[in-house]
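A.B. asks: The following block contains the structure, expressed as C-alpha cells.
Rendered as C-alpha cells:
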C-alpha cells in the first residue's frame, strides 16, 4: 500500500475516532437529563448522523481501494 494511502487512512480513522468520542461524551452528558432542549437534541442527532456517514464513507473507500488494487 502506498505511503499516502496509509497516512490518509490514519487521518480518517483518527478523525472518526475523535468525532465518535465527542458524540458519546455529548450523549452521556444528556442521557439522564430529561430537560434537554430541542436545539441540543437536534445538534446531537445531527452529530450522530455525521459520524455514521463518516464511518460509512471510510468503509466504502476501503472497499473501493481494495477492489481497484
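Numbering (this note's numbering), first residue to last: 4 to 72.
Yeah, the Cβ is synthetic: ideal placement off N, Cα and C, and Gly gets one too.
The structure presented is a predicted model; accordingly, all values stated were derived computationally and were not measured.
1) Which of the three DSSP states, helix, strand or coil, is assigned to residue 67?
2) Short check: CB of residue 19 to CB of residue 58, under 8 Å?
3) Can the beta-carbon of residue 44 be found closer than 8 Å to that of residue 29?
4) Examine chain C for any beta-carbon lying closer than 8 Å to the beta-carbon of residue 14, and answer yes or no.
5) Taking C-beta to C-beta, are residue 51 and residue 21 nearer than 8 Å?
C.D. replies: Here's the rundown:
1) helix
2) yes
3) no
4) The chain labelled as chain C is not found in the depicted structure, where only one protein chain is given.
5) no
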